[in-house]
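Residue numbers (our numbering): 1293 to 1994.
One structure is given below, encoded as structure tokens.
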Amino acid sequence: MSQKLHRRTILQCIAAVAASTAFGCRDEGESPDPLTPSPEHFPQSVASGDPRSDSVVLWTRAVDPQRADSATRLTLQVGTDAELTQLVLELKDLEALPAHDHALKVKVANLKPRTTYYYRFIYEQDGKRYASPVGRTRTAPAQGEDVPVRFVFASCQDFIGRYYNTWQYLLQRDEDLDFVVFLGDYIYETTGDTSFQTPDEARRVRFTDTASALPQRGGQYHAAAALSNYRDIYKTLRSDRQLQRVHERYPFIVVWDDHEFSDDSWGSNATYSDGRANERSDERKRNAEQVFFEYIPLDTTQSAAGAINVDNTPRYPDTRIYRDFDYGKHLRLLLTDYRTYRPDHLIPENAYPGTVVMDNTALAEAGVAAVLTSDDYAYVDIDAPEYAQHKGVLQQVYVQLATKAGLSAEAATAQAGEHVRGKLALLYVNQVLAQVGVPPISPTDKPRGLAYAHLGKTDLFNQMGSRYIVVKQTYDLYSGWRYAKSLRASENALGDTQEAWLRETVRADNTWKVVVSSVSLTSMVWNLSDLTDIPTNLQTRFYFNVDQWDGFPNKRTELLKYLRDNNVRNALFISGDIHSSHASVEGGIPTLTAPAISSGSVKEMAGSAVLAAGFPADSSVYRRVVTEMESTLRASNPGIVFTNADAHGFVVLEARANEALATFHLIPSSEVKTNYADQPEALAGKFTQKTLRVRDGALIDA
């Protein structure tokens, strides 16, 4: 610089050095070119995330429309005032690279604890300086600092045909928060799945490269597969002004669930075809993860200060996004990853209903042979010579059903040979034989066993009876036996390494140990066993959703028992995924489930499923499991103290020295298709609140 540095300028530069090894400073006498706010150059605005007591990750996407194939060189400014006149850092020569869709993450270190900072990115070209919006973020309190911690947790923000009124309402409230926890389903990977998405021209996702996507239902819509597909979704969501403003205002701590990759996924396996095809794709999984790491401001590798190179972030199968945050004396936040390491669902979507999964020997091992004695549990070895004709008929029917479901004749024949064999339950076999006019096989003197049909599986390729709506009593029996026989591998939801980390970290000294699970621990049971106004075959207890922790009941019980046995005081689970609000005590541990930001409510989804099963809206079945869902769930699970199955919203949680205070902010799901951007007062009038105190392992009304 040509001019001498004034003393004050020198001090400002010293402060910048303390914040980062790369910095820039300007003599007070210099007059920089004016900044031009430019949404054109920063179309997804800015965001911050993973705040710690001395660092935070800052994000933007910067592109010059005239130079879309070139790196965009940026300057980052961080200061303590909204006008950014008091800079603590000016970091130059950052590059938003086309290889990462011009997304840039920068870790800023050596910050002060529990301090609000402001930041912006600047792009200079042809003598003009273009600025991003100014973002605001806040660092965590220092270790052991005796202060309450207040944050929001939320999940499931489907964009298609829906508006982010929930985020708008949070902004209208001007909540004083330390951070926002996003529990998963930040995006939805499809362009218009008509089973739950209702696109309109104003709220659509379009792929620039549809040929690289996965066509669904004959090409009615597509699922993301390529990098460009996932990037198109993130860019579209982050073009929403309400979502941008929330990111500009609060730092986010984010974990994924399934839709960041694929619905109801496990590992790198998708479930769109319900078992009609092998849907494992490591490449697709890695693409989804790369774009997640590009667009979400998080640091999973303990990066050094400066630009974070996404290429250095391990991807599947070496991914690790589980991590923890120390927020002073009163909060340790532990984020878990439920999707990456978990096994398949216990009941495969392509399971043959007649297949016996526990024969008479297994029932004896489980101690229930004397209980399951009725003819409903009789089975035969269909490979025995006396059943050759029956086996041929069953295989023919299988081929017919499989081809009708979309398999080729060759694939259906191969599947028939694989599935129609061995020990088969007469409960299912005789139903099939009756449909084609073949006399039934007598159950007299036949051994007893448990088949997929007894668990609720009635069709060849279906999520019902597999991931949803399974018979609780028999599922618990089978899952418990499998858990023991597999040495707990059948429900190893977190993987050995992550579970060991969780067990160790949750014993921290912080007052509250808040464990983030993307899926709910609240058991959702429909107890229809005593209802005489519904069909006899439905008079039992059902798990509604075994894609969540109800599907791994033995592992859930084991983890909750560990917390109790090790006197982990003030453990609390928070979760999302199920698109409904719950507050319950499970195994002595409180758990809170946030509703969706905008995705279809669980009552809407259940209603569609019940109608599709042939029960109209005026039927007793519909009334019990849809219209009166909340009362049915509460009657079936006495641990539930609050539930709302048909609202969107978020939860504000404040961790204090002697209690935690949770407030559900809820809006009817029917409002999601109305844009309230210009109607703030009307929007506020749509919301209601429910506040609960969490104290000594109990949930009570505040």
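Even for Gly, the Cβ is constructed at its ideal location relative to N, Cα and C.
query	result
Which of the three DSSP states is assigned to PRO1405 in this structure?	coil
For TYR1456 versus GLN1534, is the C-beta distance shorter than 7 angstroms?	yes
Taking the alpha helix (DSSP H) that TRP1793 belongs to, which residues open and close that run?	1788–1797
For LEU1327, tell me which candidate among TYR1415, PHE1934 and GLN1336 has the shortest Cα-Cα distance.	TYR1415
What three-state label does DSSP hand PHE1315 in the structure shown?	In this predicted model, PHE1315 has a pLDDT of only 38, less than 50, meaning its place in the structure is not dependable; the value taken from the coordinates is given anyway. Reduced to three states, the DSSP call for PHE1315 is coil.
Exposed or buried, what is SER1734 when buried is set at 16 or more other beta-carbons lying within 10 Å of its beta-carbon?	exposed
Check each candidate in ALA1976, THR1653, GLY1729 and ALA1745 and name the one with the smallest Cα separation from ASN1642.	ALA1745
Extract the residue ranges of the beta strand (DSSP E) inside the segment 1500–1567, only unbroken runs of 3 or more that lie entirely within it.	1506–1508, 1513–1515 and 1544–1546
Can you check which of these residues, SER1809, ALA1785 and VAL1660, is closest to GLY1843 by C-alpha distance?	ALA1785
If distances are taken between C-alpha atoms only, which option among HIS1874, GLN1687, GLN1435 and ILE1639 comes closest to LEU1346?	The amino acid at residue 1346 is misidentified as Leu; the sequence shows Asp. Comparing Cα-Cα distances from ASP1346 to each of HIS1874, GLN1687, GLN1435 and ILE1639, the minimum goes to GLN1435.
Skipping 5 residues on each side, what residues in its chain have a beta carbon closer than 6 angstroms to that of ASP1450?	TYR1480, SER1890 and SER1891
Could you tell me which of PHE1865, TYR1775 and LEU1884 sits nearest to LEU1794, measuring between CA atoms?	PHE1865
Since SER1531 and PRO1335 should fall inside the 8 angstroms C-beta cutoff, what is the C-beta to C-beta distance between them, to a whole number of angstroms?	6 angstroms
What's the gap between the Cα of VAL1721 and the Cα of PHE1834?	23 angstroms
Roughly how far, in whole angstroms, is the beta-carbon of VAL1724 from the beta-carbon of LEU1686, given that I think they are within contact range, below 8 angstroms?	6 angstroms
Let me check one thing: in DSSP terms, what residues is LYS1715 bridge-paired to?	ASP1673
Taking just the CA atoms, how far does LYS1621 sit from ALA1800?	10 angstroms
Assuming ALA1886 contacts GLY1899 under a Cβ cut-off of 8 angstroms, what Cβ separation, rounded to an integer in Å, is found between them?	With 8 angstroms as the limit, ALA1886 and GLY1899 do not qualify as a contact, their Cβ atoms being about 21 angstroms apart.
Taking Cβ to Cβ, would you say LEU1366 is nearer than 7 angstroms to PHE1443?	no
From the DSSP secondary-structure annotation, give me the bridge partner or partners of THR1328.	TYR1422
Which of the three DSSP states, helix, strand or coil, is assigned to MET1897?	helix
So, helix, strand or coil for GLU1493, using DSSP?	coil
What's the call for LYS2015, buried or exposed, on a 16-neighbour Cβ count within 10 Å?	Past the boundaries of the shown model lies residue 2015; the chain is included only from 1293 to 1994, so the question cannot be answered.
Using the rule of at least 16 other Cβ atoms within 10 Å of the residue's Cβ for burial, across every protein chain shown, is GLY1757 buried or exposed?	buried
Under 7 angstroms between the Cβ atoms of SER1340 and PRO1543?	yes
According to the Cβ coordinates, are ARG1631 and ASP1550 closer than 7 angstroms?	yes
State the DSSP-derived secondary structure class of GLY1941, mapped to helix, strand or coil.	strand
Judging by CA-CA distance, which residue of GLY1511, ARG1509, GLN1536 and SER1504 is the nearest neighbour of TYR1522?	SER1504
Under a three-way DSSP split, which group does GLY1868 fall into?	strand
Between GLU1571 and ASN1579, which are expected to be in contact by the criterion C-beta below 8 angstroms, what is the C-beta distance as a whole number of angstroms?	About 15 angstroms separates the two Cβ atoms, so there is no contact after all.
According to DSSP, which residues form a beta bridge with LYS1399?	VAL1349 and GLY1598
Measuring alpha carbon to alpha carbon, tell me which residue in LYS1805, THR1647 and PHE1585 is nearest THR1611.	PHE1585
Taking the continuous beta strand (DSSP E) assigned at THR1955, which residues delimit it?	1952–1960
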